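Chains as they are written, first to last, in my numbering: chain Y, 1 to 260; chain D, 1001 to 1329.
Beta carbons are placed, not taken as given, at the ideal position from N, Cα and C, and that holds for glycine.
Every value quoted in this text rests on a predicted model; they were computed, and no experiment measured them.
Accompanying notes for the structure given below.
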Amino acid sequence: MQSTFDRRRINGPEESLPPVFISEPQDTFSNTPVARKSRKVSDIRPIFLQPGLITQANGSAYIETERTKIACSVYGPRQSKNTAYNEKGKLNVEVKFAPFSCEHRRAPLRDAEDRSIAVAIQQALLPSVQLEHFPKSTIDVFVIILEADGIEGCIASGAIAASTALANAGIDMYGLVTSCAAAVIEADIWVDPTQEESNTANGTLVLSCMPALGIVTNSWQTGRMTPSELLACIDACSGRCTDIHSVVAQGLLNSAHDET
Amino acid sequence: MASARPSPIIPTATAGKTSSHVAQKEANKAAIFQRLHPRIYLERFLEEKIRPDGRSIAQNDEGDNAWRNVEVNVGSITTASGSALVRIGNTTVVCGVKAEICEPDLDNPSEGFLVPNVDLPALCSPKFKPGPPTEEAQVLSEKLNEVLGNGMLPLSSLCIHSGKSAWVLYVDATVINYDGNVFDATLLAMVCALKNVMLPHASYDPDVNRTICTRPGVDPTKPSRKLVIQEDLVPYGFSFGVFACSHILPDPSASEEPLLDTSISIILDSHAQVLAVSQLGAGVDTEYEASGPDLDDTPARKADTLAECISLARNRLAILLNKVYDTMN
Chain Y
1 MQSTFDRRRI
11 NGPEESLPPV
21 FISEPQDTFS
31 NTPVARKSRK
41 VSDIRPIFLQ
51 PGLITQANGS
61 AYIETERTKI
71 ACSVYGPRQS
81 KNTAYNEKGK
91 LNVEVKFAPF
101 SCEHRRAPLR
111 DAEDRSIAVA
121 IQQALLPSVQ
131 LEHFPKSTID
141 VFVIILEADG
151 IEGCIASGAI
161 AASTALANAG
171 IDMYGLVTSC
181 AAAVIEADIW
191 VDPTQEESNT
201 ANGTLVLSCM
211 PALGIVTNSW
221 QTGRMTPSEL
231 LACIDACSGR
241 CTDIHSVVAQ
251 GLLNSAHDET
Chain D
1001 MASARPSPII
1011 PTATAGKTSS
1021 HVAQKEANKA
1031 AIFQRLHPRI
1041 YLERFLEEKI
1051 RPDGRSIAQN
1061 DEGDNAWRNV
1071 EVNVGSITTA
1081 SGSALVRIGN
1091 TTVVCGVKAE
1101 ICEPDLDNPS
1111 EGFLVPNVDL
1121 PALCSPKFKP
1131 GPPTEEAQVL
1141 SEKLNEVLGN
1151 GMLPLSSLCI
1161 HSGKSAWVLY
1171 VDATVINYDG
1181 NVFDATLLAM
1191 VCALKNVMLP
1201 HASYDPDVNR
1211 TICTRPGVDP
1221 TKPSRKLVIQ
1231 EDLVPYGFSF
1241 GVFACSHILP
1251 DPSASEEPLL
1261 DTSISIILDS
1271 HAQVLAVSQL
1281 GAGVDTEYEA
1291 SGPDLDDTPA
1301 RKADTLAECI
1311 SLARNRLAIL
1321 LNKVYDTMN
């Protein structure tokens, strides 16, 4: 909490804390999952995807899956500065949380969670982009999380938005990347967990793949799960990724029709 | 420069009628010309009494057409105490308010804090890079802090227990799409987000030196409340640019902004009284106008630039207020 004074911003009091409530909801402490009301455990949250909203960017996408809201823009290919000659292009991914995106306020430059999400998204996208077509160039992918509901959902939705934005920018790719998360809760596999659900999970998996080519581009597993549970998670995720692929393709098609 | 005069530039919007291939070519030509000669591009449009995005010029200040469309959407972000999304044309700003509890300042023991900040992330425009706030963001935050600190929200209403506990409202705005006139959009987003805030009931317990809040809906005797906002003092911003000492352009877009000699911001309250005015630059040159060959001699053009902007802003305020009230209720 020390030296939070930043002369480049408007500063508030030295120290402030989020409000403390008398009756904290029980489920943040207990480990019993609350049954889903509006969807089955094998269902993902409905996706709203809109390419091309950010007119200043070469390509962009906005994705909303219930409470998770993410905007993504792509700039480039543009000249790589201050780097040695490189035959392959560089894919640069930056993720930022809006200060109001989580339960607690995200003061600028306080933690490194955004960087780990950026790495996960970059790894998911790298095998899909034909970087050898862009020597000496950088493709910048900027992601802003406006509202977060589970870090796994942020990575998955962020990767979908980023891949859509790359396609919207006309960057050469091998295929569209889609991504889905699953959690092992008690003995079951719950697809696309919310924050609350992943708090009660034994382990989670985020799987990114190119369904059109049948290739997995990234998988990120944390927590405890048996190999058979892991394989079951992969199966569940790759099935949903195929569904998401048609949503993304349709979204891109619609926006391309609107433009002409 | 004059040798390569292309035929009058056709804005992309009207291009759909001819065969799409030819239209695409024309649009590309126009885009390249704009990129190479932005100033001449804008001049040619203004000669035809129209702006590059199809708006009319403010000369006979009747029109709502001189301004871009405004959309306001409040309360869509559930993690914030209050939030608003504002779009002016393509410019998009999201603002969220986070309420936290702190100890009041020793000098003002019965006042809370209002902390507005703007972020211009690399996402919103190619001219920004990732990293600490740019100079533009710092200036913008400072300007908004001054305008919002004018008493619209009495800081004493944020006090929970004098000297011990008070609310601090972090008003953070993030620009998603930077297409000019970010100041007006951000101010509107901040005002609408503040109007949307619900503060939980809070009481200070001196025995344990802690402030305890009640979740809304748990105890009907301890309801959450809206902020105490002085409706008379709510600021609304209206920005103008002056191009080539001769044209007043309300609500400048990102392609016009770098070409402007003067930028003017008028801040009005809801009764159209002027709260603040800033003018950077000289304004319309009346000398130039009198001798200018092709400008008509209407009395309004001869008047002082600032006075004209204020009257344009007042005309616009009525329309804007209608819009805001529509979405807030």
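- Annotation: the region 1048-1106 of chain D contains no complete segment of the alpha helix (DSSP H) (minimum length 4 residues).
- Annotated three-state conformation of V41/Y is coil, per DSSP.
- Per DSSP, the continuous beta strand (DSSP E) segment holding Y75/Y begins and ends at 68-79.
- The beta carbon of S137/Y is closer than 7 Å to those of G76, P77, R78, Q79, S80, G89 in its chain, skipping five residues each way along the sequence.
- Around Y1178/D, the beta-carbon contacts reaching into chain Y at under 7 Å are Q56.
- Taking C-beta atoms as the reference points, I70/Y and V143/Y count as a pair closer than 8 Å.
- The region 31-50 of chain Y and the region 89-109 of chain Y do not touch, with fewer than three beta-carbon pairs separated by less than 8 Å.
- The beta carbons of R224/Y and N202/Y sit closer together than 8 Å.
- Assigned with DSSP and collapsed to three states, S219/Y falls in strand.
- At a beta-carbon threshold of 7 Å, the residues of chain D lying near E94/Y are A1122, P1130, ordered along the chain.
- Rounded to whole angstroms, the Cβ separation of L1042/D and E1257/D is 11 Å, and the two are not in contact under 8 Å.
- If you draw a 10 Å sphere on the C-beta of N218/Y, you find 16 or more other C-beta atoms in it, and that means buried.
- Residue pairing for F1113/D: DSSP places it in a beta bridge opposite V1168/D.
- For R1225/D, DSSP records a beta bridge to L1199/D.
- In the three-state DSSP reduction, S1141/D falls in the helix class (H, G or I).
- Membership of G203/Y in the beta strand (DSSP E) is indicated by the continuous run 203-210.
- Note that the region 1138-1147 of chain D does not touch the region 1088-1100 of chain D; fewer than 3 beta-carbon pairs, one per stretch, sit closer than 8 Å.
- Neighbours of A1185/D in chain Y, taken as residues at a C-beta separation under 8 Å, are lacking, since the least C-beta distance is about 14 Å.
- Excluding the 5 residues flanking it on each side, D6/Y has no same chain C-beta neighbour closer than 6 Å.
- Put simply, the CB of Y1170/D is near chain Y, with a gap under 8 Å to one of its CB atoms.
- Bounds of the beta strand (DSSP E) holding N92/Y are 90-97.
- In the DSSP assignment, Y1236/D falls within the unbroken beta strand (DSSP E) covering 1236-1243.
- Considered as a whole, the region 174-199 of chain Y harbours 178-185, 188-191 as its complete beta strand (DSSP E) runs of no fewer than 3 residues, in chain order.
- For the C-beta of K1049/D, not a single chain Y residue is nearer than 8 Å; the gap to the nearest is close to 25 Å.
- Looking at the backbone, the Cα of A187/Y and that of I145/Y are separated by about 31 Å.
- In this structure, V41/Y keeps its C-beta atom at 8 Å or more from the C-beta atom of S60/Y.
- By the rule that beta-carbons nearer than 8 Å mark a contact, N1322/D does not touch chain Y.
- The C-beta of Q195/Y has 16 or more other C-beta atoms within 10 Å across all chains shown, which makes the residue buried.
- At a beta-carbon threshold of 7 Å, none of the residues of chain D lie near C154/Y; the nearest stands roughly 13 Å away.
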